[in-house]
Amino acid sequence: MAAEKMALAKAINESLRRALDSDPKVLVMGEDVGKLGGVFRVTDGLQKDFGDSRVIDTPLAESGIVGTAIGLALRGYRPVVEIQFDGFVFPAYDQIVTQLAKMHARSLGKVKMPVVVRIPYGGGIGAVEHHSESPESLFAHVAGLKVVSPSNASDAYWMMQQAIQSDDPVIYFEPKRRYWDKGEVNTEAIPGPLHKARVVREGTDLTLVAYGPMVKLCQEAADAAAEEGKSLEVLDLRSVSPMDFDSIQASVEKTRRLVVVHEAPVFFGSGAEIAARITERCFYHLEAPVLRVGGYHAPYPPARLEDEYLPGLDRVLDAVDRALAY
Amino acid sequence: MAAEKMALAKAINESLRRALDSDPKVLVMGEDVGKLGGVFRVTDGLQKDFGDSRVIDTPLAESGIVGTAIGLALRGYRPVVEIQFDGFVFPAYDQIVTQLAKMHARSLGKVKMPVVVRIPYGGGIGAVEHHSESPESLFAHVAGLKVVSPSNASDAYWMMQQAIQSDDPVIYFEPKRRYWDKGEVNTEAIPGPLHKARVVREGTDLTLVAYGPMVKLCQEAADAAAEEGKSLEVLDLRSVSPMDFDSIQASVEKTRRLVVVHEAPVFFGSGAEIAARITERCFYHLEAPVLRVGGYHAPYPPARLEDEYLPGLDRVLDAVDRALAY
Amino acid sequence: MTVDSSAASEPRRSAAGKAGTTGSKTGTKRTTRTTSRSTTRAATGSGTRTSTDPELVQLLTPEGKRVKNAEYDAYVAGITPEELRGLYRDMVLTRRFDAEATALQRQGELGLWASLLGQEAAQIGSGRATREDDYVFPTYREHGVAWCRGVDPTNLLGMFRGVNHGGWDPNSNNFHLYTIVIGSQTLHATGYAMGVAKDGADSAVIAYFGDGASSQGDVAESFTFSAVYNAPVVFFCQNNQWAISEPTEKQTRVPLYQRAQGFGFPGVRVDGNDVLACLAVTRWALERARSGEGPTLVEAFTYRMGAHTTSDDPTRYRGDEERLAWEAKDPILRLRRYLEASNHTDDGFFAELEAESEALGKRVREAVRAMPDPDKFAIFENVYADGHALVDEERAQFAAYQASFADVEGV
Amino acid sequence: MTVDSSAASEPRRSAAGKAGTTGSKTGTKRTTRTTSRSTTRAATGSGTRTSTDPELVQLLTPEGKRVKNAEYDAYVAGITPEELRGLYRDMVLTRRFDAEATALQRQGELGLWASLLGQEAAQIGSGRATREDDYVFPTYREHGVAWCRGVDPTNLLGMFRGVNHGGWDPNSNNFHLYTIVIGSQTLHATGYAMGVAKDGADSAVIAYFGDGASSQGDVAESFTFSAVYNAPVVFFCQNNQWAISEPTEKQTRVPLYQRAQGFGFPGVRVDGNDVLACLAVTRWALERARSGEGPTLVEAFTYRMGAHTTSDDPTRYRGDEERLAWEAKDPILRLRRYLEASNHTDDGFFAELEAESEALGKRVREAVRAMPDPDKFAIFENVYADGHALVDEERAQFAAYQASFADVEGV
Ligand SMILES: Cc1ncc(C[n+]2csc(CCOP(=O)(O)OP(=O)(O)O)c2C)c(N)n1
Ligand SMILES: Cc1ncc(C[n+]2csc(CCOP(=O)(O)OP(=O)(O)O)c2C)c(N)n1
Ligand SMILES: [Mg+2]
Ligand SMILES: [Mg+2]
């Protein structure tokens, strides 16, 4: 059963299971992660198999969850904590940016913080307020954290393995609207390093960069563009911090045009950092400014408006056309 | 006494005094803001003159301070809350981004949130950990907030007046290392709108953009460059959200080169947003990529290293030279 | 026959007026009593919850028998048969509304629904204790309180349908928007109450939250602020035994009402399925607030009969027996038994209520189905009160982008 | 003659060993008692602090008289004159170290100093109660506890000089780094204690925090987590009456030790200027933790004799009388009186200690002055344990930039 087709959520479940199984120091903590198996069933069955001292239903207090996870890490544990939804990470924000991110540096390297913070994020599931946000920028700006987001089942599985093995805190953003997307997972072959981007599709006319839930959209956009005779390269960034600028640069030096797509608001979003850095690196290669497609500078809207708010096929293709028009 | 020379901290004090005096709904709240007058004496004498029901020493709980300020705003008050130092705003981050920023939109405009959050920020004062950070990006990314930072006494005075009058929440970043810098304050003439940038110095070869504590540094850099025959334009942004891109664009269309300077880490910092947007707006004008000078992707270092970490004259001039070399 | 909640507001005002005239200082003694037993529990050092529940304030037994309570009887002493029928009607209509909303979710008209089934007494009893000038800060489940405040129930459905994040003007009924992030509103309530005190008003504020929410730091901070500033606020915790899949033992090892004492104000546990007791205790607590005695914690001991929300499947984490045991304590049945035994009702009353109930269901159904999707440009509205250049720019880009489709369609 | 703190560690271990053999279940009764009186206070509904202090555990009066305490005497029953002299020595050397650091700040050698003056008994008493395998989570003022844990005092000065953010290996002495952000460490301590319990170890954890910190949501959450998981942690609150300029009334309207009860574990107030009482009560609390009885809150009632830090000017917010009143309760003087009255000391002891004190001061002075500035590249070190491409890139740019100056200088 080396390779198996499974849903992205199931891949994370399998990865957590493997980690719990192979390392007694690994813990899973969060609200409803135990008996219920999480509101998305990502931790389904884990408490049953590993007991409630390994898979822990916590009090309803996110700062407490991350704060105690820090203490457990100091004691030698490797906690994987779940934040139930993106919008609920902020009560824990202080512990994450002030303690979790800085403890290793503060101690001059004496203590390590192998804590994974799992956050189901992003929109597209028709949810109520606070259940559809994409706050990755707010973590990427903070030194000491690593920020990753898988786009498919195989990455979900392996990036979780690598995140748990990392001695640094990793904010692991799960693209919740892709939880049910199935993909091949080979549980024996590590696909590559955690923070390396992957060329999902080769192309020559323009590079589309995305991560997490937007990778699939970019693939669809590339399909659509291909029908119009445009060859788009699609890059799955996989990691937001660190960011694999080398891979973006290599692609842009070839295609000379770049469009970045993410759900998070454009203003101060990942696209800004990518545009700034790639423009600096590829100043003489770029035929067009780096264009950004993302959320607007507005709170995530009610569900009936989310299709207008979120980047969709047309908006991506519109940006592609604008970039190609330069 | 329309125009008077005063320190930046004193200008804020005078502005708060005026607001307390003219509007009974204005409150000042925070840790040690009352009897002590704040650890920087910014609220000195206010409790004595307006009483402890207007100038309120709060329990030591930042989430509680902002959360109760929200409730007071719902009751019709206009609280000005102080966060004692930049690094202590994070316990309040949830209330700020999830409640304060979103309440107006959530209520479809029915309730307003005229709350000012004062945050002394930035480094250069030789302080211990958490007392020198520049977290403005983490607020600018969040829709519903306005983010401003004065660079001089006159702006400190007037921008505070305008922030208090605004019906939106304003994060008011005070450049603490400039608290003692004196400047002319004319308490009768409003210099202009809150979110408009100001050309501090005209120039033709390159534009330096900064806000808050870095404006003075950029002026010094322009002085130094002038001696070498380079004409730098210096723009004081004043507002980080909204950002006056029109003024930056106008300047860059003239100078064709842009360097952004801020204390905050470069990665996902204001410079990224400025670079991305200005490159898009001025693609055919720019002779060089927008360069960024700021903090490194590392926790703010111990005081003995802060001069290496912070942008200084040489680093700004180095970036200027690099931009001019294109 | 009206089927909007404002029809029910009469008993509220008159009842509250009466409560205001009764004594208010009895709380001191009670707290002492209820907390002294807790001490014993607290000191055992054991992390497990004992199965015996601590004493709670009850005025109506599950069988509908009125039992005497020396301390709280006064708060419902003058209650009329009509008012009692009003409470019954409130609970029945609220339950009906709730069931309708659950059905509408199943039919795809709502994206989600958070049912109050089982918590009607806690909500109607406390809601009816409030005065018009009081201010209410709900969580996301206080449909019964909203009803008492005169918020049109169809307004509650907008956010669950996904057309807005809150469809009513908080200031029209002094009923704040639903707050989804657990516990945050307790601080808003405290701040609001601080403002009430500053204004010299004698209004009170009531903040609702759940057993799960009690663990949030914000709730503790609201206890601290309200105690230090002696703010006129009542913290009304509906302990419905569950926070999604987590039983209350995952939040505390002693009864929740005891939490208040360590912050310097009284806490009391009331039978949350006894509408009369909830009315009395909340009146007492609000009266304390009004008369300058500061905050109170009321723990309404009740039960979430249904799923956490329509997305939840409670069979995964709890058994039927528990539910059955609580069904025997049903808040509506209990009051009905009392009304019938007291001859306060006749068949006509129940028949009329049934018809009213049907009409409400119909109105809700129709209103939801007629609820239009918001205008696309609503995304950009109300982000700021005073405007923001970037929002204007993005709105304009969006308009141009939308227009480009119109062009295409126009071709 | 040694002047490092490790010399003082002997009494700690032996004393702790003895404490471990005495009974540990007496706490239950006491809490009941101390909290029952609190109830009365809590229920008054008044926001103001009364001037009479609630009863606190005291074994030595300010005059140095040993008073009996049925519940806590057992925890210091076997204490030897040598151990008592050890406690005295600890306090004297800690105060001396602290004074030296304050002086060094005045001389510009440190950027800041947070003095423990007045809190020696609370810190030495509790610190000496810990066992080597226990783990300590301090705030930023626990220089006395650090001393007891064997942390070289000069290591504490690095962060105040600005050469690092914490200069010791937390795991060498099971003494965590100073935490500046108020209250955060109580959660770390709780998590650590949860880990201890998972490991089946009988170590205990102690978390220090201040009266001001008690208002932070994180502290409340740590109470909740520790109670729910029955974690072996002692919360040691030094109520030094002030949080910078704010008196304790700005944080609570009832005594702080009562906070614990509402979370389901005992709280006790101890005379924080009585080193013997602090030792006894902390031993008791640690013993509870060890034997599976879960968390305890100890409020050490003490006084910050000096400024909040060297940046603070306390004359702006408090009068001299208060300070004078507390000077009469000085922790060192008190123990000295007791030692002298008991004939446990002679002039030689004091003279030797004075010399040791001088030597310590000298060593600290010299160490600080010799403390080099960190290497510039330290900015980029330890940001990550496993590296980060951007940090590598920025380090390289920084190196090139630095090298460009070398070039210039080289010319
Ligand atoms: C800060 C935060 N964390 C998590 C959630 C997800 N969530 C929604 S309701 C809920 C349980 C709340 O339980 P309780 O407070 O008892 O209220 P009840 O739903 O039982 O009425 C959780 C965990 C949330 N809304 N906010
Ligand atoms: C979250 C946070 N807010 C504010 C501060 C600034 N500050 C440092 S110490 C202090 C007072 C702390 O008082 P207390 O907890 O009583 O401890 P003490 O200093 O008296 O030992 C404050 C407000 C901080 N360090 N952290
Ligand atoms: Mg509940
Ligand atoms: Mg203190």
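Chains as they are written, first to last, in this note's numbering: chain A, 1 to 326; chain B, 1001 to 1326; chain C, 2001 to 2411; chain D, 3001 to 3411.
Cβ atoms here follow ideal geometry from the backbone N, Cα and C, with glycine treated the same way.
If you're wondering where the values come from, they're calculated on a predicted model, not measured in any experiment.
Contact check for V1042 of chain B and I1012 of chain B: beta-carbon distance about 5 angstroms, within the 8 angstroms limit, so the pair qualifies. Around the beta-carbon of S3404 of chain D, fewer than 16 other beta-carbon atoms lie within 10 Å, marking it exposed. For I3182 of chain D, the three-state secondary structure derived from DSSP is coil. Between A2385 of chain C and H1104 of chain B, the C-beta gap is smaller than 8 angstroms, which places the two residues in contact. Ranking B:K1102, B:R1017 and B:L1074 by CA distance to the CA of G2191 of chain C puts B:L1074 first. The beta carbon of M3159 of chain D sits closer than 7 angstroms to those of H3165, G3166, G3167 and Y3178, all from its chain and outside the five residues before and after it, given in chain order. Boundaries of the beta strand (DSSP E) harbouring Y2208 of chain C: V2205 to G2210, taken from the DSSP string.
In the DSSP assignment, V3233 of chain D falls within the unbroken beta strand (DSSP E) covering V3233 to N3239. In the DSSP assignment, T2296 of chain C falls outside any alpha helix (DSSP H) and within the unbroken beta strand (DSSP E) covering T2296 to F2301. Here DSSP, grouped into helix, strand and coil, assigns A264 of chain A to strand. The straight-line gap separating the alpha-carbon atoms of A2101 of chain C and A1069 of chain B is approximately 35 angstroms.
Restricting attention to C:T2094, C:C2237 and C:L2084, the CA atom closest to the CA of T2186 of chain C is found in C:C2237. For F283 of chain A, there is no enclosing alpha helix (DSSP H), as DSSP gives it neither H nor E.
Two segments are said to touch when three or more pairs of C-beta atoms, one from each, lie closer than 8 angstroms; by this definition the segment 136–146 of chain A touches the segment 98–113 of chain A. Within the segment 2122–2146 of chain C, no residue has its Cβ closer than 7 angstroms to any Cβ of chain B. Burial of K3250 of chain D is indicated by the presence of at least 16 other C-beta atoms within 10 angstroms of its C-beta.
For L138 of chain A, the residues of chain B that pass the 7 angstroms Cβ criterion are L1138 and H1141, in the order they occur in the chain. Taking a cut-off of 8 angstroms on C-beta distances, the segment 2129–2138 of chain C does not touch the segment 2108–2120 of chain C, as fewer than three cross pairs fall below it. Only those residues of the segment 2201–2221 of chain C whose C-beta falls short of 9 angstroms from the nearest C-beta of chain D are listed: S2214, S2215, Q2216, G2217, D2218, V2219, A2220 and E2221.
Within 10 angstroms of the beta-carbon of R2106 of chain C lie fewer than 16 other beta-carbons, which makes it exposed.
Taken in chain order, the complete beta strand (DSSP E) segments of 3 or more residues contained in the segment 100–137 of chain A are 116–121. Beta-bridge pairing by DSSP links D236 of chain A to A:R198 and A:A210. Within the DSSP bridge table, the entry for E4 of chain A names A:V185 as partners. Excluding the 5 residues flanking it on each side, M3194 of chain D has same chain C-beta neighbours closer than 7 angstroms at Y3229 and A3231, in chain order. Taking the beta carbon of Y77 of chain A as reference, the chain D residues within 7 angstroms of it are G3195, listed in sequence order. When secondary structure is reduced to three states using DSSP, V293 of chain A falls in the strand class. With the rule of 3 Cβ pairs closer than 8 angstroms, the segment 1263–1272 of chain B counts as touching the segment 265–283 of chain A. No Cβ-Cβ contact shorter than 8 angstroms links F3235 of chain D with R3269 of chain D.
One thing to note: R2336 of chain C has its Cβ within 8 angstroms of the Cβ of Y2088 of chain C. Annotation: V2151 of chain C has no Cβ neighbours in chain D at a cutoff of 9 angstroms; minimum Cβ distance is about 30 angstroms. Inter-segment contact for the segment 158–165 of chain A and the segment 18–27 of chain A is present: three or more beta-carbon pairs are separated by less than 8 angstroms. Taking a C-beta cut-off of 8 angstroms against chain C, the contacting residues of the segment 3241–3273 of chain D are E3249, K3250, Q3251, T3252, R3253, V3254, Q3258, R3259, A3260, Q3261, G3262, F3263, G3264, F3265, P3266 and G3267, listed in chain order. With 7 angstroms as the limit, the residues whose C-beta approaches a heavy atom of ligand 4 more closely than that are D:G3210, D:D3211, D:G3212, D:Q3238, D:N3239, D:N3240, D:Q3241, D:W3242, D:A3243 and D:R3304, in chain order. Between ligand 2 and H3165 of chain D, a heavy atom-to-CB distance of less than 7 angstroms is absent.
At a C-beta separation below 9 angstroms, F3398 of chain D has no neighbours in chain A, since its nearest C-beta there lies roughly 14 angstroms away.
Going by beta carbons, V3298 of chain D and V3275 of chain D fall outside the 8 angstroms limit.
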